[in-house]
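Participant: After the structure tokens below, expect a handful of questions from me.
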Amino acid sequence: MSTAEIADEQDHLDMLHARVEALRDDARNQLTGVLRETGGTRQGRLEREAAAARYAGQVARYDAAENGLCFGRLDLRDGDRHYIGRVGLPAESADDDPLLLDWRAPAARPFYVATPAAPHGVRTRRHITTRGNRVVRLDDEVLDRDGVPVGELTGEAALLASLDAGRTGRMHDIVATLQAEQDAIIRSDHRGVLVVQGGPGTGKTAVALHRAAYLLYTHRQLASRGVLVVGPNPTFIGYIGQVLPGLGENSVLLSTVGELFPGVRADRTEPSGTAELKGRTEMAAVIAAAVRDRQVPAGTGLEVEFDGDVVRLDHEECVRAADAARATRLPHNRAAPVFRREIVTALARRSVEDTRHLADRLEADIAEVLAEADLDRAVRADLDALPGLLGEEDSAAAQERTEAQDIADVRRMLATDADVRAALDALWPPLTAQQLLTDLYGDRVRLASTARELTDEERESLYRAPGGGWTAADVPLLDEAAELLGQDDRAAEAAAAAERAEGVAYAQGVLDLAAGDGEDEESLTGMLDAETLADRHEERMVRTVAERAFADRGWVFGHIIVDEAQELSQMAWRLLMRRCPTRSMTLVGDVAQTGDAAGASSWASALAPHVGDRWRQVSLTVNYRTPAEIMASTTEVLAALGPGLQLPRSVRETGVEPWRLRTEPGLLARTLADRAAKEAAALEDGRLAVLVPDARRDELGAAVAESVPDAVYGDEPDLESRVVVLGVRQAKGLEFDAVLIAEPTEILARSARGLNDLYVALTRATQRLGIIHGGPAPAVLEGTVTELT
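First residue of the sequence shown? That's 0 in numbering that gives the first Met the number 0, and the numbers climb one at a time after it.
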């Protein structure tokens, strides 16, 4: 491309950046103005909060768009010209055409789907490659001429250049090089459940993230509820974290399943068999039984001291109160007031009855004494005539009114009695999900009574002493428990009051400090008290949708996207379905790569319990990441995984064949470290991953780090490091320029889904693949990967 053409595009790009700066400054000024406003009605405050969030989002969007602002141009047959970019930029005059089309706009779609066979009115498509704010390369495709061979890739030169470029340790968007099959999925209808099945390297993750950005652009109402993107592990979440902000979207929460219970950090490990058990649907029944087990435990009654007497209710009476509370179908904590009311009423009635029986006995005793004293017959006749004078019915009604009033009076006193409240809490205790599961896991008797459908060995695997944190498999169970328990209103009110008191105390400290710095305290407090200052501080705490959703377990999302969806357990699916009752979901994955023991063997088995057959599936068939040479090495592994599974077709070859090297078992760590050092030295600006059996990650990671000082490993390693050592499960969804795999036989043997894990490991590289093994190679690799001699 000529220097003059690059200079022309540079001038246009400079103009676009100047427009971004002007729009950003305007949004910042609007945000500042909104934040300065205070007071007003509640409706006014809500409107200010919404406006502040909108302007803050605009500022963030323009900030993010600066890198790679414009990446394409369409010259149409009718003479029009459109520039394509990350965001849309309006012209200064509303009557003029936009300066830049958002890549999601309908008018921008030909940039992704036009071909010589179907040009969609496009004469020339130009890909503009920039580095920072500078144009560095132009690639043109002429689409409206006869005799041009029809290709399947749009922007092939730009696509292959991006595939051959070195990895950086962070995923970048592919908005400039999306292919037609990817674009069609991104723009498909958002309603219902869409399953995107695709093998390694087909761009599933990129499609999922760009679909999130597209849906937020085209369905503005989704922004108020947000989009949840779920990934398989924290390493993966860190890897994709920059993509959506780079596309100008901040109404998206990125999370693993293990992070979806506010206040819980799932950093505990456990055997894979235990995690698989916790993922089964049967655990929902166990949790429900555990809740019911805490509602009037078997054999319990109630005995309280009141007004100098002991009042008792037997177990059956307590069960009747519990049945009345359960009949409301309210969660445990919200049904507690019903249970307390029933029990207090029964206690009051029992107390009044006991008092009446005592009075009757006293009256009988007095009558007997009077009879023995032989009072004057006339007096006795007058006493006997009293009921007749009042009338039998009036006497009974008066007695009922008196008894009802007595019961109401006693109820009021019982309801406020501290001992009574403590006794009620013992029968129907206020519970949190954490407390329920801690008590369940730590008590073999409870496990035996609530998990009767499990075997003795399964119940024993659930047992653990209190403390030590939570596992990722615990989080869906915590969520299930929280759903059955509901919010304890008393605890919530106390927490809100404590938070408010803390805010007021902080505000008072600010006022005190200002007075101490020489301000007139009387004038300060005359204008502003601590309560008002606390209110103003709360108004200025503008949180994004993602931040609010992260802190709220009951948040309902407008759309959910799950990457590596085949890994989810049935209990995890239950959790996600609660987060999106409309079932507006995009699920991307590959059942051939299922590595979790609780994961899915088919999409139908995963989804049928939740949506029946009301889901649709599309496929990605082209492998953009993995060279044909590497994919050929996986044929036997894929065949062993099951019939009917097909390799996605690679779009490129590198001429570099994968290799394997046999060493002695005792020399594996040293050999691996030496080879890692050589591979790292051969890299220019790319990244090397050393993939090892999960159980040996730290051991082999330390060995590699001795030979390659900048190598990293651990639970959440920095993927931007030149060399990273990962357990095979950590490598889900990631890609690297070069990959070394250690001990494939051990990877196969470590779990029931070892073949799936090996398949994942084999398909992470974009350029080079090597395998090191102590002892013979697995049969699935012997004939497909050449051994070095």
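Glycine included, each C-beta is placed from N, C-alpha and C at the ideal position. In this text, all values refer to a predicted model and were calculated from it rather than measured experimentally.
(1) Could you tell me whether the region 583-592 touches the region 546-558, using the rule of 3 or more Cβ pairs below 8 angstroms?
(2) Specify, as a first and last residue, the run of the alpha helix (DSSP H) that residue 591 falls within.
(3) Which term fits residue 410, buried or exposed, when burial requires 16 or more other beta carbons within 10 angstroms of its beta carbon?
(4) Using beta carbons (cut-off 7 angstroms, strictly below), is residue 35 in contact with chain C?
(5) So residue 206 packs on residue 236, CB below 8 angstroms; how close in whole Å?
(6) Could you have a look at residue 579 and say whether DSSP puts it in helix, strand or coil?
(7) Have a look at residue 709 and residue 255 and give me their C-alpha separation to the nearest angstrom.
(8) How big is the Cα-Cα spacing for residue 227 and residue 187?
(9) Using a Cβ-Cβ cut-off of 7 angstroms (strictly less than) and excluding sequence neighbours within five positions of residue 679, which residues of its own chain qualify?
(10) Would you call residue 285 buried or exposed, if buried means 16 or more other Cβ atoms sit within 10 Å of its Cβ?
(11) Could you name the residues of the same chain whose beta carbon sits closer than 7 angstroms to that of residue 467, not counting the 5 residues immediately before and after it, in chain order?
(12) To test your reading of the DSSP string, which unbroken beta strand (DSSP E) runs of 3 or more residues are found completely within the region 271-311?
(13) Quick check on this structure: which residue in 653, 713, 614 and 133 has the alpha carbon closest to the alpha carbon of residue 630?
(14) Any chance you could list the beta strand (DSSP E) runs of at least 3 consecutive residues sitting entirely within the region 608-679, in chain order?
(15) At a cut-off of 6 angstroms, is residue 426 close to the ligand NAP when judged by its beta-carbon and the heavy atoms of the ligand?
(16) What are the complete alpha helix (DSSP H) segments, minimum 4 residues, inside the region 240-269?
(17) Residue 715 to residue 233, Cα distance in whole Å?
(18) Out of 574, 624, 623 and 697, which one is the CA nearest neighbour of residue 229?
(19) What number of angstroms, rounded off, separates the C-alpha of residue 242 from the C-alpha of residue 249?
(20) If you draw a straight line from the C-alpha of residue 525 to the C-alpha of residue 433, how long is it?
(21) Could you have a look at residue 784 and say whether DSSP puts it in helix, strand or coil?
(22) Output needed for residue 245: all residues of its chain with C-beta closer than 6 angstroms, excluding positions within five of it in sequence on either side, in chain order.
(23) So, with DSSP's three-state summary, where would you put residue 468?
(24) Is the CB-CB distance between residue 431 and residue 289 below 7 angstroms?
(25) Roughly how many whole angstroms lie between the Cα atoms of residue 345 and residue 312?
(26) Taking just the CA atoms, how far does residue 733 sit from residue 170?
(27) If you count every other CB in all the chains shown that lies within 10 Å of the CB of residue 465, and 16 or more means buried, which is it?
(28) How is residue 171 classed by DSSP in three states: helix, strand or coil?
(29) Mind the definition here: the region 615-622 touches the region 779-788 only if three or more C-beta pairs lie below 8 angstroms; say whether that holds.
(30) DSSP puts residue 558 in a beta bridge; with which residues?
(31) Is the beta carbon of residue 675 sitting closer than 7 angstroms to the one on residue 655?
(32) Going by Cα to Cα distance, which pick from 339, 240, 598 and 192 is closest to residue 416?
(33) Give every residue of the same chain whose Cβ lies closer than 8 angstroms to the Cβ of residue 670, excluding the five residues on either side of it in the sequence, and list them in chain order.
(34) According to the neighbour-count rule (16 or more other Cβ atoms, all chains shown, within 10 Å of its Cβ), is residue 454 buried or exposed?
(35) Between residue 620 and residue 648, which are expected to be in contact by the criterion C-beta below 8 angstroms, what is the C-beta distance as a whole number of angstroms?
(36) Helix, strand or coil for residue 414? Go by DSSP, reduced to three states.
Facilitator: The short version:
(1) Yes: the two stretches touch, three or more of their Cβ pairs being nearer than 8 angstroms.
(2) Element bounds for residue 591: n/a, residue is neither H nor E.
(3) buried
(4) Absent from the structure is chain C; it holds one protein chain and no more.
(5) Not confirmed; about 17 angstroms, so no contact.
(6) coil
(7) 28 angstroms
(8) 18 angstroms
(9) 687, 707, 721 and 722
(10) buried
(11) 267
(12) 301-305
(13) 653
(14) 614-619 and 658-662
(15) This structure lacks the ligand NAP, and indeed carries no ligand of any kind.
(16) 242-245
(17) 7 angstroms
(18) Considering only alpha carbons, the answer is 574.
(19) 11 angstroms
(20) Note that residue 525 has pLDDT 48, beneath the 50 cutoff, so the model's placement of it is unreliable and the number below is only indicative. Cα to Cα, the separation comes out at about 46 angstroms.
(21) Residue 784: coil per DSSP, three-state reduction.
(22) 63 and 172, listed in sequence order.
(23) coil
(24) no
(25) One C-alpha to the other measures close to 8 angstroms.
(26) Each residue's alpha carbon lies about 8 angstroms from the other.
(27) exposed
(28) coil
(29) no
(30) 226
(31) Inclusion of residue 675 and residue 655 in the CB contact set at 7 angstroms is not warranted, their separation being larger than that value.
(32) 339
(33) 660, 662 and 771
(34) exposed
(35) So it is a contact: roughly 7 angstroms between Cβ atoms.
(36) The answer is helix: DSSP assigns residue 414 an H, G or I state.
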